[in-house]
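Enquirer:
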Amino acid sequence: MNKVNLEKSVNHHIAISAIMIKRVFFKILNDNKLDITPEQWNILYHLNESDGMTIGKLSEITYKDFANMSRMTQKLETAGFVEKKREDIDKRVFKLFITKKGKKLNDQLHQCAFESTNIALEGLEEEAREIMIKNLKHVITNTQKFLK
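Heads up: the sequence shown begins at 36 in the numbering used here, then just goes up one per residue.
1) Report yes if the C-beta distance between Phe116 and Lys130 is below 9 Å; otherwise report no.
2) Which partner residues of Arg121 appear in the DSSP bridge assignment?
3) Flag this pair as yes or no: are the beta carbons of Val39 and His47 separated by less than 9 Å?
4) So is Ser44 buried or exposed if we call it buried at 16+ other beta carbons inside 10 Å?
5) Are the CB atoms of Gln75 and Leu111 nearer to each other than 9 Å?
6) Using only the alpha-carbon positions, how far apart do Arg127 and His81 sit?
7) Measuring alpha carbon to alpha carbon, tell me which residue in Met104, Lys172, Glu84 and Leu79 is nearest Gly91.
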């Protein structure tokens with residue numbers, strides 16, 4: 036039987052890194068008195084890049100389940116950062132749009148994300164960062180293939 040040594044497990048280190056980076060981002064958000072989660076910022080980020088997405092599309096590109104995405108977007112709508120509009124063709128479908136208030140917050144959040152990235156990757160040269168991104172994308176592709 037194969038045994039896993041967590042200290043040598045890539046999965047373990049990826050998971051711990053993700054947890055710690057998220058904690059750093061939360062701390063920066065709290066220090067800046069921004070009442071939003073990293074997951075909610077992910078939504079604002081994507082809407083700012085491509086406004087007018089459905090909850091289903093946002094779920095797909097952020098790897099969040101539909102129910103979670105629905106709750107998060109509802110909170111963002113209540114806070115005035117996004118608004119829902121019925122689709123013209125199919126009135127059952129809602130699309131989400133980032134508001135001016137959401138865009139203003141998104142700009143602030145970019146600075147927080149930039150700061151958290153710099154903290155997490157301090158001491159890594161640009162080439163090492165690019166290799167890390169390439170390798171992580173490879174992991175994502177492999178896991179997506181398996182899950183289909």
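Every residue, glycine too, gets a C-beta built ideally from N, C-alpha and C.
Expert: Per the coordinate set shown:
1) no
2) Phe129
3) yes
4) exposed
5) yes
6) 22 Å
7) Met104
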